[in-house]
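If you read the protein sequences in the order shown, they are chains Y and A. Under my numbering, the first residue of the first sequence carries the number 2, and numbering increases by one thereafter. Under my numbering, the first residue of the second sequence carries the number 2, and numbering increases by one thereafter. No residue lacks a Cβ here, since even glycine has one placed at the ideal position from N, Cα and C. Nothing here was measured: the structure is a model prediction, and the numbers come from that model. These notes concern the structure reproduced below.
Number of protein chains: 2
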Amino acid sequence: MRVTIKDVAREAGVSKATVSKYLNNAPYVSEHTRQLIEAAIRKLDFQPNSTARGLRNHRSHCIGVIVASILNPFYPQLIQGIEDVATARGYALLLASSDGDARQEHQIVQAMRQRQVEGIIFASVRLTDREVLKLKRMHTHVILASRHLPDAPVDYVIVDSYKGAYLAVEHLLMHGHRRIAHIGGPENIAQFADRMRGYSKALEDAGLDVDPTLVIRGGLRLEDGELAFRQLMALANPPTAIFAATDNLAFGVLRAARASGCLIPEQLALVGFDNVPFSDIAAPPLTTVDGNALGIGRHAASLLIDRIESAQGSSTAESDHTAAPDPMHLLFEPQLLIRQSCGCQTTEQIRR
Amino acid sequence: MRVTIKDVAREAGVSKATVSKYLNNAPYVSEHTRQLIEAAIRKLDFQPNSTARGLRNHRSHCIGVIVASILNPFYPQLIQGIEDVATARGYALLLASSDGDARQEHQIVQAMRQRQVEGIIFASVRLTDREVLKLKRMHTHVILASRHLPDAPVDYVIVDSYKGAYLAVEHLLMHGHRRIAHIGGPENIAQFADRMRGYSKALEDAGLDVDPTLVIRGGLRLEDGELAFRQLMALANPPTAIFAATDNLAFGVLRAARASGCLIPEQLALVGFDNVPFSDIAAPPLTTVDGNALGIGRHAASLLIDRIESAQGSSTAESDHTAAPDPMHLLFEPQLLIRQSCGCQTTEQIRR
DNA sequence: AAAATCTAGGAAACCGGTTTCCTATCTCGT
DNA sequence: ACGAGATAGGAAACCGGTTTCCTAGATTTT
Numbered sequence: 002m003r004v005t006i007k008d009v010a011r012e013a014g015v016s017k018a019t020v021s022k023y024l025n026n027a028p029y030v031s032e033h034t035r036q037l038i039e040a041a042i043r044k045l046d047f048q049p050n051s052t053a054r055g056l057r058n059h060r061s062h063c064i065g066v067i068v069a070s071i072l073n074p075f076y077p078q079l080i081q082g083i084e085d086v087a088t089a090r091g092y093a094l095l096l097a098s099s100d101g102d103a104r105q106e107h108q109i110v111q112a113m114r115q116r117q118v119e120g121i122i123f124a125s126v127r128l129t130d131r132e133v134l135k136l137k138r139m140h141t142h143v144i145l146a147s148r149h150l151p152d153a154p155v156d157y158v159i160v161d162s163y164k165g166a167y168l169a170v171e172h173l174l175m176h177g178h179r180r181i182a183h184i185g186g187p188e189n190i191a192q193f194a195d196r197m198r199g200y201s202k203a204l205e206d207a208g209l210d211v212d213p214t215l216v217i218r219g220g221l222r223l224e225d226g227e228l229a230f231r232q233l234m235a236l237a238n239p240p241t242a243i244f245a246a247t248d249n250l251a252f253g254v255l256r257a258a259r260a261s262g263c264l265i266p267e268q269l270a271l272v273g274f275d276n277v278p279f280s281d282i283a284a285p286p287l288t289t290v291d292g293n294a295l296g297i298g299r300h301a302a303s304l305l306i307d308r309i310e311s312a313q314g315s316s317t318a319e320s321d322h323t324a325a326p327d328p329m330h331l332l333f334e335p336q337l338l339i340r341q342s343c344g345c346q347t348t349e350q351i352r353r
Numbered sequence: 002m003r004v005t006i007k008d009v010a011r012e013a014g015v016s017k018a019t020v021s022k023y024l025n026n027a028p029y030v031s032e033h034t035r036q037l038i039e040a041a042i043r044k045l046d047f048q049p050n051s052t053a054r055g056l057r058n059h060r061s062h063c064i065g066v067i068v069a070s071i072l073n074p075f076y077p078q079l080i081q082g083i084e085d086v087a088t089a090r091g092y093a094l095l096l097a098s099s100d101g102d103a104r105q106e107h108q109i110v111q112a113m114r115q116r117q118v119e120g121i122i123f124a125s126v127r128l129t130d131r132e133v134l135k136l137k138r139m140h141t142h143v144i145l146a147s148r149h150l151p152d153a154p155v156d157y158v159i160v161d162s163y164k165g166a167y168l169a170v171e172h173l174l175m176h177g178h179r180r181i182a183h184i185g186g187p188e189n190i191a192q193f194a195d196r197m198r199g200y201s202k203a204l205e206d207a208g209l210d211v212d213p214t215l216v217i218r219g220g221l222r223l224e225d226g227e228l229a230f231r232q233l234m235a236l237a238n239p240p241t242a243i244f245a246a247t248d249n250l251a252f253g254v255l256r257a258a259r260a261s262g263c264l265i266p267e268q269l270a271l272v273g274f275d276n277v278p279f280s281d282i283a284a285p286p287l288t289t290v291d292g293n294a295l296g297i298g299r300h301a302a303s304l305l306i307d308r309i310e311s312a313q314g315s316s317t318a319e320s321d322h323t324a325a326p327d328p329m330h331l332l333f334e335p336q337l338l339i340r341q342s343c344g345c346q347t348t349e350q351i352r353r
């Protein structure tokens, strides 16, 4: 029924051990035997059971990816980047979304550990530093992608949010705006704290104070952007420009603006962050900071697999398990993509 | 170092067998022993190795999902739907994208089988009927989501493409268009053949012939839509309306139209298919047929897991393995979402 | 020609769980 | 007081691979 290495061995007239050696092309299998085994494998359509192999080897060749919500258009690019290199290097992807909820994230991590993933890429971290470090101690490599924990010695790959936000707000200032609002992400995510800092610094450098009524922080869903727009526009002294912490939030602004008859960019300038695939098809095309999700995904996966394989190599050698390598921090340079939602009439431009 | 059931057994002063019984809450474990084991598990932070369990049980509680490209905005919704129910029912998701390529798809299937997935949801099938049937014979359940193979007895969950396309074209006809082009998907995907048929039938019912120069079939990427737009507009007698087989293709039309100064819907009406998340934020908001990707994903996963678990139950019973259940075919009713790219000035409407 | 080394392949233990089967008490009906 | 059944738990086989260790013959070295 189910064909195993034993069936192949019987068919080829050799032992399980020899078939196994063939499969791992170990030395000391004669050409003749090799052919017998190949014929048997073809005849029986044998597929080695990689979980059995993994059990023995403590290898699953599987990595976990946790995103907040795959419906947020930022993540598919990230996942694609991860998949590109994972597949190329022989790893499979276990995907789960946490809804940005710490409890769910914890359960996902638990489930992934039970499934023996060799590493986890967090594109959403609601875990505390301590929990993440505990994971690392448990043979599970961890990479943060597009997120970072400032105080934990963990690898991460991100775009420089501070600089990106600065560029965005600086550009709005150049347009002459003085009342620039910020729709931010959750306060406790470092990446969004950085965007907030970049926003503040740009205002400060222009000699302006941050008006707390112009800063709205909360969720990351499109609806949160709509809500924030309405709240800002209901102000006695509404802003003339908005810097949204993500394109998804900016899309919410776009939709709410259209619903309320507010013209963008004529009555309200808007800049987003991420350069999500459809930001250039929106009405109007969204001026945004390129977050290089694909590149982040690729580098995160690459770094993770490097970590896995170097740990693998050293564990058979001397290897003192206390010697954790220094955490790697990859920062991509952000680029401002000037389209039309900021009020520029030009065709697309790039500024660093 | 690595904590196993043996460590728990030693710590609790019982045997592996008893711990195992506890884990599977089998009967005949006394309250006292139960508490000893619980304490040991907590103390050691024991996580059962689900691959070891799977090896013995022939269960992985893992399902594979194959999409063409996760960057196509249709798929994230589908995946979300699948994940919702998979997680709820205790299954993990192995995700891979095939680029719509048969060779890659074959390799992915191979890798997934080796990893002992209990079933595969194909949201992209480039495999032949024979290959899919072979999979089914190999203990791997198969569901097609948003795809179908007309001649193979395989479960599928789709939206009624024929009817949806008919609705879309009928609506363009109602606007008075007589030269309606169709940008189709690959000819050998049944779902797109159906959309083509719906297009033809609607024209026919209006007493019009299909002009082959107005039908362009090929890829599904946004760029394919741009290309098709340029090709159609270069015609001596260009169309006044386009029915695109997917929103993604329609986005390509939108982008190319903007680049060439062609106004939509004034100079060219456009209707898409899928109701991808951002179709209502596009410029102009895209009139489209709702493909209910989320619902398809949910039902596909639900059906798959039902299949897995009923097969599981019966295999211990008498079970005659030739008795394959009749394939299930779920068809969702399509809805036309009237927005503005078709030329309607109204706010959003729904027509069935 | 004897010793050393290399080559090819097999037996059995092992990975971490589950399951079968067996034994020892305990309870209960008569 | 005794046999039947229920309860609690352990020893060992098992899932499907890999790996260690061993042996026998071939080849090389001295």
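- Based on the DSSP output, what are the partners of Arg218(A) in its beta bridges? Reading the second sequence from its first residue, position 217 is the one you call residue 218(A). In the DSSP output, where bridge partners are listed per residue, Arg218(A) has Gly185(A).
- Residues from the region 248–259 of chain A in contact with chain Y, defined by Cβ distance under 7 angstroms: Phe252, Leu255, Arg256
- Cβ of Gly120(A) within 8 angstroms of Cβ of Ile144(A)? Locating residue 120(A) in the second sequence gives position 119, counting from the first residue. Locating residue 144(A) in the second sequence gives position 143, counting from the first residue. In this structure, Ile144(A) lies closer than 8 angstroms to Gly120(A) by Cβ.
- Have a look at Phe274(Y) and Asp130(A) and give me their C-alpha separation to the nearest angstrom. Along the first sequence, one-based indexing puts residue 274(Y) at 273. Along the second sequence, one-based indexing puts residue 130(A) at 129. Distance from the CA of Phe274(Y) to the CA of Asp130(A), rounded to the nearest whole angstrom, comes to 45 angstroms.
- Counting only the same chain and skipping the five closest in sequence on each side, list residues whose C-beta sits under 8 angstroms from that of Phe193(Y). Numbered from its first residue, the first sequence carries residue 193(Y) at position 192. Once the five neighbours on either side are set aside, the close Cβ partners of Phe193(Y) are Ser162, Gly185, Gly186, Pro187, Arg218, Ala246.
- Measure the CB-CB distance between Ser201(Y) and Ala270(Y) and report whether it falls below 8 angstroms. Here residue 201(Y) is taken as the residue at index 200 of the first sequence, counted from 1. Here residue 270(Y) is taken as the residue at index 269 of the first sequence, counted from 1. Against a cut-off of 8 angstroms, the Cβ pair of Ala270(Y) and Ser201(Y) comes out as no contact.
- Item | Helix, strand or coil at Asp275(A) [DSSP, three-state] | Working through the second sequence from its first residue, we reach residue 275(A) at position 274. Looking at Asp275(A) - three-state DSSP - the assignment turns out to be strand.
- C-beta contact flag for Ala294(A) and Gly101(A) at 8 angstroms: As a position in the second sequence, residue 294(A) is number 293, starting the count at 1. As a position in the second sequence, residue 101(A) is number 100, starting the count at 1. No. Outside cutoff.
- What does Leu95(Y) touch in chain A if you count any residue whose Cβ is under 9 angstroms from its own? By one-based count along the first sequence, residue 95(Y) stands at place 94. Result: Cys63, Ala93, Leu94, Leu95, Leu96.
- Message: What does DSSP give as the partner residue(s) for Tyr157(Y) in the beta ladder?
- Response: Along the first sequence, read from residue 1 onward, the residue named residue 157(Y) stands at position 156. Note: Tyr157(Y) sits in a beta bridge opposite Leu145(Y), His330(Y).
- Item | CA nearest to the CA of Gln346(Y), picked from Val15(Y), Gln313(Y), Leu287(Y) | Along the first sequence, one-based indexing puts residue 346(Y) at 345. Ranked by Cα distance from Gln346(Y), the options Val15(Y), Gln313(Y), Leu287(Y) are led by Leu287(Y).
- Please compile the residues from chain Y whose C-beta is within a distance smaller than 7 angstroms of the C-beta of Thr141(A). For the purposes of this step, residue 141(A) is identified with residue 140 of the second sequence, where counting begins at 1. Within chain Y, no residue comes near Thr141(A); the closest Cβ sits about 10 angstroms away, beyond 7 angstroms.
- Task: Compare the C-beta of Pro151(A) against all C-beta atoms of chain Y and say whether one is closer than 8 angstroms.
- Result: Numbered from 1 along the second sequence, position 150 holds the residue referred to as residue 151(A). Chain Y, which has no Cβ nearer than 8 angstroms to the Cβ of Pro151(A), makes this no.
- Identify whether Leu94(Y) lies in helix, strand or coil by the three-state DSSP scheme. As a working note, residue 94(Y) is residue 93 in the first sequence. The answer is strand: DSSP assigns Leu94(Y) an E or B state.
- Cutoff 8 angstroms; reference Pro49(Y); Cβ partners in own chain excluding five residues on either side: Stepping through the first sequence from its first residue, residue 49(Y) is reached at position 48. Result list for Pro49(Y): Ile6, Leu24, in chain order.
- Task: Provide the residue span of the alpha helix (DSSP H) that contains Val4(A), from first to last.
- Result: The residue you call residue 4(A) lines up with position 3 of the second sequence. Per DSSP, Val4(A) belongs to no alpha helix (DSSP H) and is neither H nor E.
- Closest to Gly253(Y) by CA distance: which of Arg231(Y), Met113(Y), Glu224(Y), Met175(Y) is it? Residue 253(Y) sits at position 252 when you count from the first residue of the first sequence. The shortest C-alpha separation from Gly253(Y) is found at Glu224(Y).
- Could you check if Glu84(Y) is buried or exposed, using at least 16 other CB atoms within 10 Å of its CB as the buried criterion? Walking along the first sequence from the start, residue 84(Y) turns up at place 83. Answer is buried; the Cβ neighbour count reaches 16.
- Task: Look up Val254(A) in the DSSP assignment and say whether it is helix, strand or coil.
- Result: As a position in the second sequence, residue 254(A) is number 253, starting the count at 1. Looking at Val254(A) - three-state DSSP - the assignment turns out to be helix.
- Cutoff 6 angstroms; reference Ile38(A); Cβ partners in own chain excluding five residues on either side: As a position in the second sequence, residue 38(A) is number 37, starting the count at 1. Same-chain partners within the cutoff: Ala13, Val20, Tyr23.
- Message: Restricting to Cα atoms, I'd like to know which of Val277(Y), Ala242(Y), Ala229(Y) is closest to Leu264(Y).
- Response: The residue you call residue 264(Y) lines up with position 263 of the first sequence. When Val277(Y), Ala242(Y), Ala229(Y) are compared, the shortest CA-CA separation from Leu264(Y) is found for Ala242(Y).
- Cα-Cα separation between Phe333(Y) and Ile80(A), rounded to whole angstroms: Within the first sequence, residue 333(Y) is the residue found at index 332, counting from 1. Within the second sequence, residue 80(A) is the residue found at index 79, counting from 1. C-alpha separation (whole angstroms): 29 angstroms.
- Query: Going along the chain, which residues of its own chain have a beta-carbon closer than 6 angstroms to the beta-carbon of Ala166(A), five neighbours each way excluded?
  - Reply: Mapped onto the second sequence, residue 166(A) falls at position 165. Arg196, Gly199, Tyr200.
- Item | With 16 other Cβ atoms within 10 Å as the buried cut-off, status of Ala41(A) | As a position in the second sequence, residue 41(A) is number 40, starting the count at 1. The residue is buried, with at least 16 neighbouring Cβ atoms inside 10 Å.
- Query: Excluding five sequence neighbours on each side, which residues of the same chain lie with their C-beta closer than 7 angstroms to the C-beta of Thr34(Y)?
  - Reply: For the purposes of this step, residue 34(Y) is identified with residue 33 of the first sequence, where counting begins at 1. Around Thr34(Y): Val15, Thr19.
- Query: Is the region 86–100 of chain A in contact with the region 95–109 of chain Y, if contact means three or more CB pairs nearer than 8 angstroms?
  - Reply: yes
- By the criterion of Cβ-Cβ separation under 8 angstroms, what are the contact partners of Asn50(Y) in chain A? Mapped onto the first sequence, residue 50(Y) falls at position 49. Within 8 angstroms Cβ-Cβ: Leu56, Gln115, Gln117.
- Amino acids of chain Y, ordered along the chain, whose beta-carbon sits closer than 8 angstroms to that of Gln81(A): Locating residue 81(A) in the second sequence gives position 80, where the first residue counts as 1. Result: Ser70, Ile71, Leu72, Ser98.
- Task: Only counting runs of 3 or more residues, tell me where the beta strand (DSSP E) segments fall wholly within the region 35–91 of chain A, in order along the chain.
- Result: Contiguous beta strand (DSSP E) elements confined to the region 35–91 of chain A occur at 63–68, taking only those with 3 or more residues.
- Leu134(Y) beta carbon near the ligand FMN (any heavy atom closer than 7 angstroms): The ligand FMN is not part of this structure, which contains no ligands at all.
- Between which two residues does the alpha helix (DSSP H) harbouring Gln341(A) extend? Stepping through the second sequence from its first residue, residue 341(A) is reached at position 340. From DSSP, Gln341(A) is part of no alpha helix (DSSP H); its letter is neither H nor E.
- Item | Cut-off 8 angstroms between Cβ atoms - residues of its own chain near Pro359(A), not counting five sequence neighbours on either side | Residue 359(A) cannot be examined here, being either before or after the span of chain A that is shown, 2 to 353.
- Along chain A, which residues have their Cβ under 8 angstroms away from the Cβ of Phe279(Y)? For the purposes of this step, residue 279(Y) is identified with residue 278 of the first sequence, where counting begins at 1. Proximity of chain A to Phe279(Y) at the Cβ level (cut-off 8 angstroms) is accounted for by Pro74, Phe252, Phe279, Ile282, Ala283, in chain order.
- Query: Mapping DSSP to helix, strand and coil, what is Asp212(Y)?
  - Reply: Position 211 of the first sequence, counted from the first residue, corresponds to residue 212(Y). In this structure, Asp212(Y) counts as coil in the three-state DSSP scheme.
- Item | Residues bridged to Gly120(A) [DSSP beta-bridge criterion] | Start at 1 with the first residue of the second sequence, and residue 120(A) comes out as number 119. Answer by DSSP bridge pairing, in chain order: Ile64(A), His142(A).
- Task: Using a cut-off of 8 angstroms between C-beta atoms, extract the partners of Ala53(Y) located in chain A.
- Result: Counting from 1 along the first sequence, the entry for residue 53(Y) is found at position 52. Simply Leu56.
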